[in-house]
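Single-structure report; data block below.
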Amino acid sequence: MPSRCLFPLVLLIAACGSSSPAVVPPPTQDDTTLGAGDVFDIRVYGEDELTNTYRVAEDGSIDYPFIGRIEVAGLEPPVVAQVVAERLREGEYLVNPQVSVFVKEYNSKRISVIGAVARPGTFPMTSGLTAVQAISLAGGFTSLAARNDTVVSRRVQGELRRYRVPAEDITEGQVDDVPVQAGDIIYVPERVF
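Numbers in the working numbering are just positions in the sequence shown, counted from 1, shifted up by 13.
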């Protein structure tokens, strides 16, 4: 084939390569709002009977003594504490309630790890979780994993973006690990021989 015929093919391949994943994802945004399935403690200082553990129902609410149903989905824990304190005060159950909320499990915030890992699946998101730690949750790489070709897919301002994560370089200490956020999909491809 003459070399002038190869030139358009080279441009086409180069153009296709430009849609490859970016190398560095943007900083993560910790989402600490409550959602369905999350488990948290509400503690009222000096009131043991009003201190308990709650799981957010599918409709985004909990049932609290004296107050009844409270919509908590989408609220930050300090806001939930404020709502409970206000309703206890308004209902004249307590004069000055001191309420704290401590999240035990963020089951509504999950990440997925798929591809060449031992146990692909969906895992609960924990604060500070990184890509390599998430892969470890999935049982680590299989022997066929293309470790440095790992990709994290993330929604950024409503748009799906892909980021290349050199997982092998990370485990060897050559580059920093990449924080993940709720909703991320981590894909580990297999090597091409």
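C-beta: ideal position from N, C-alpha, C; glycine also.
The structure displayed is predicted, hence computed values, not measured ones.
For residue j and residue i, believed in contact at Cβ under 8 Å, the rounded distance
{"i": "Asp54", "j": "Thr66", "result": "5 Å"}
{"i": "Ile80", "j": "Val69", "result": "With 8 Å as the limit, Ile80 and Val69 do not qualify as a contact, their Cβ atoms being about 15 Å apart."}
{"i": "Ile198", "j": "Ser166", "result": "4 Å"}
{"i": "Pro192", "j": "Gly141", "result": "7 Å"}
Pairwise C-alpha distance: residue j and residue i
{"i": "Lys117", "j": "Glu89", "result": "14 Å"}
{"i": "Gly48", "j": "Phe206", "result": "44 Å"}
{"i": "Pro78", "j": "Ser149", "result": "41 Å"}
{"i": "Phe115", "j": "Asp61", "result": "15 Å"}
{"i": "Val126", "j": "Tyr119", "result": "17 Å"}
{"i": "Val201", "j": "Asp182", "result": "14 Å"}
{"i": "Ile75", "j": "Val52", "result": "10 Å"}
{"i": "Leu63", "j": "Gln111", "result": "11 Å"}
{"i": "Tyr106", "j": "Ile83", "result": "16 Å"}
{"i": "Arg175", "j": "Gly186", "result": "23 Å"}
Beta-carbon proximity of residue i to residue j, cut-off 8 Å
{"i": "Thr143", "j": "Asp190", "result": "yes"}
{"i": "Ala158", "j": "Ala195", "result": "no"}
{"i": "Ser113", "j": "Ala94", "result": "yes"}
{"i": "Arg160", "j": "Ala180", "result": "yes"}
{"i": "Ser121", "j": "Gly50", "result": "yes"}
{"i": "Gly73", "j": "Val85", "result": "yes"}
Counted within 10 angstroms of its Cβ, other Cβ atoms place residue i as buried (16 or more) or exposed
{"i": "Thr163", "result": "buried"}
{"i": "Tyr58", "result": "exposed"}
{"i": "Leu173", "result": "exposed"}
{"i": "Val178", "result": "buried"}
{"i": "Val145", "result": "buried"}
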